[in-house]
Amino acid sequence: MRIPAFFFFVTVAPLAAGPDGAALYQQHCAMCHGQEGLGMPGVFPPLAKADFLVKEREKALTGPMEGLSGKITVNGQEYNGAMPPAFLDDEQLSAVFNHVFTSWGNVVKQTSAEEITAVRAKSKFPTLSALKQSMVGEKLPDPPAGWKLTVGGELSFSPSRLALHPDGRQVVVLSTRGDIWLWEPGATELAPLFRNETYIDPNLGDQLVMGMTVDTKGRLYIASNQCNKKASPVRNEMTIFRTEPWTSAKGWAAPKPWFKVQAPFGIGPYNHGLSHLAQGPDGFLYVNSGARTDSGEAGTQPNYATTGEDPITAVIWRMDPEAEKPEIGILASGLRNNYGFCWDDDGHMIATENGPDAHAPEELNLIEKGRHYGFPYQFSDWKEKAYPHTAEVPQGLEITLPFRNKGPHGGSGLSSFDPHSCPSGIVWLGKDWPAPFSGSFLTARFGNLLKLEGGDVGFDVLQLHVDFNDRSFTSKQILSPLGRPVDILKLPGHRLLIAEYNRATTLAAGMGTPGRLLLLEPEK
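The following block contains the structure:
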């Protein structure tokens, strides 16, 4: 399953009297229905020229108020999925619908906040407050024995990354729209560090900001993607921003572009783009450049490239942070979307990889120079084709398989995790960490974005003990359920900070709530 592209492109909205429907659509709807409202045949219905919006107007309006499941027919094709509700007020919903009703060839009677209020009053949840109370739980999961879990901070946004500040005390928190915040343990509120408009050029297009790290010299890096619809074909403007080294005397000035490159923008909801970046033990910078497709398909969207993957997508870059003119070196390829990676004390680079919308296992890989990990020809250890269009493995190409999961949790018997569980941030905890974490990896799993027959998967943190000789690992669930955990950060004092993307601990609970920070630490 993809991860944002589970995070959606967000427009830098100007100050205005009312909500920006286009920006709200990108934030809450585009990951399934697509940038251009085309959806995905058989999975997510289109909104572009959708007869459902006219024939089933009230049902369409009710969908984001209470969720929508069961069979529907759109433009003659049957869909039987599940759409979670959105935590949007009546004015915001009105703005989103009016954006949809007037875009992509749609000519639909516009709605109003008053109509939305009236429709909501007849729905399962007659007010937004009633929806929130039904969907968002307050109880935290039980931590392992000898540890305590508390709320470190309530957020007003959805976070994408965490990084330790050079002062060793504060935490830098990145939002999906590119705002950068500071949090200090013990504080209940975050302080703004840089707003996105101070360093991102909105003229390049809608943005998705997914990567952040701090190097050993105290320089802050931010990885940004922007959808440039002025270009033909539409392209992804990928930028790595960087600050000067931090000092206690002068702090950081706003980051500036350090490296820029372009690639064709992704088709449908699959532009994973740049996300995780981190400095390795060798001092080089490693960057995930995710796939622009689900599985190498050409795509049919007008003005979007139909060339499958680009040489600089679905790979991990290796870059010299001291180079005057940094260049891309390809460390490894055939990697659909490595949202998280880290190194253990022996220098092993371990990465989580998000699989396709086909029900293939998500992967845990040992990343080594020059290796190919299968995408788009093979997923996990599957021998069968994921899709009819899946190409044959090129002659002579050797595919490196992921680790096998020996359980008991997270997909026992698979290589490596439950399909659609969306493994995300990952950290290594050395031998000095207290029980039960000594010498293990922890990975967050964002949770499924598709309705699954067997129920939800993910929404948790797993502990992994990896056997490199056997190319396997054991997996134990240590925190569940969580609100779509997206990143984990080690703090001094053997503490861990977990970023929840929102407060939804199930697919049905939707995507509209802001996130929070959870602190896991030893009991005193």
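Position one of the sequence shown corresponds to residue 1351 (my numbering), numbered consecutively onward. Just so you know, even glycine gets a beta-carbon here, dropped at the ideal spot from N, CA and C.
#1: Which ranges would you report for the beta strand (DSSP E) in the segment 1453-1523 if only whole runs of at least 3 residues count?
#2: Applying the 10 Å Cβ sphere with the 16-neighbour rule, what's the burial state of Q1460?
#3: Output the boundary residues of the alpha helix (DSSP H) element that contains T1437.
#4: Can you tell me whether T1548 is helix, strand or coil according to DSSP?
#5: With burial defined as no fewer than 16 other Cβ atoms inside 10 Å of the residue's Cβ, what is the status of P1364: buried or exposed?
#6: Using only the alpha-carbon positions, how far apart do T1361 and G1555 sit?
#7: Quick one: what's got a C-beta closer than 6 Å to G1431's C-beta in the same chain, skipping five residues either side?
#8: Thinking C-alpha only, which one of D1837, L1829 and A1854 is nearest L1499?
#9: Just how far apart, CA to CA, sit F1729 and P1744?
#10: Kindly identify the DSSP beta-bridge partner or partners of N1715.
#11: Do the segment 1625-1638 and the segment 1593-1608 make contact, defined as three or more Cβ pairs closer than 8 Å?
#12: Do the CB positions of G1475 and S1462 come within less than 8 Å of each other?
#13: Do three or more CB pairs link the segment 1517-1536 to the segment 1499-1508 at distances below 8 Å?
#14: Do you know how far the Cα of I1717 is from the Cα of T1750?
#15: Anyone know if the C-beta pair for A1537 and G1496 falls short of 8 Å?
#16: Taking Cβ to Cβ, would you say L1857 is nearer than 8 Å to P1434?
#17: DSSP state of S1774, grouped into three classes?
#18: According to DSSP, what are the bridge partners of K1951?
#19: For R1407, which of helix, strand or coil comes out of DSSP?
#20: Determine the burial state of F1356: buried for a count of at least 16 other Cβ atoms within 10 Å of its Cβ, exposed for fewer.
#21: Of all the options S1790, F1609, W1531 and Y1620, which has the alpha carbon lying nearest to the alpha carbon of E1677?
#22: Leaving aside the five residues before and after V1458 along the sequence, list all residues of the same chain whose C-beta is less than 7 Å from its C-beta, in chain order.
#23: Whose C-alpha, out of E1647, G1623, E1659 and G1633, is nearest the C-alpha of E1672?
#24: Helix or strand or just coil, what does DSSP make of M1669?
#25: What are the partner residues of M1588, as DSSP defines its beta bridges?
#26: According to DSSP, which residues form a beta bridge with N1755?
#27: Report the rounded CA-to-CA distance for A1480 versus M1861, giving the unit in angstroms.
#28: At which residue ranges does the segment 1640-1695 contain complete beta strand (DSSP E) runs of 3 or more residues, listed in the order of the chain?
#29: Could you tell me the alpha carbon to alpha carbon distance between R1352 and A1859, rounded to whole angstroms?
#30: My output table needs one value for F1359: the three-state DSSP class, helix, strand or coil.
So, to answer that:
#1: 1497-1504 and 1509-1514
#2: exposed
#3: The displayed chain sequence assigns Phe, not Thr, to residue 1437. Element bounds for F1437: n/a, residue is neither H nor E.
#4: helix
#5: Model confidence at P1364 stands at a pLDDT of 38, short of 50, so the residue's coordinates are unreliable and nothing is read from them.
#6: Here T1361 scores only 38 on pLDDT, less than 50, and its place in the model should not be relied on; the value that follows carries that caveat. Between T1361 and G1555, the C-alpha separation is close to 7 Å.
#7: K1801
#8: L1829
#9: 15 Å
#10: A1701
#11: no
#12: The identity of residue 1475 in the sequence shown is Phe, whereas the question assumes Gly. For F1475 and S1462, no; Cβs fall outside 8 Å.
#13: yes
#14: 9 Å
#15: no
#16: yes
#17: strand
#18: The structure shown does not extend to residue 1951, since the chain is modelled only from 1351 through 1874, so no value can be given for it.
#19: helix
#20: Since pLDDT at F1356 reaches only 41, below the 50 mark, its modelled position is unreliable, and no value is offered.
#21: F1609
#22: L1403, V1404 and F1451
#23: G1633
#24: strand
#25: N1575 and V1611
#26: F1823
#27: 16 Å
#28: 1665-1669, 1679-1683 and 1690-1693
#29: Its pLDDT being 49, under 50, R1352 is placed unreliably by the model, and nothing is read from it.
#30: Residue placement at F1359 cannot be trusted, given a pLDDT of 47 that sits under 50; what the coordinates show is reported in the next sentence. Looking at F1359 - three-state DSSP - the assignment turns out to be coil, as it is neither helix nor strand.
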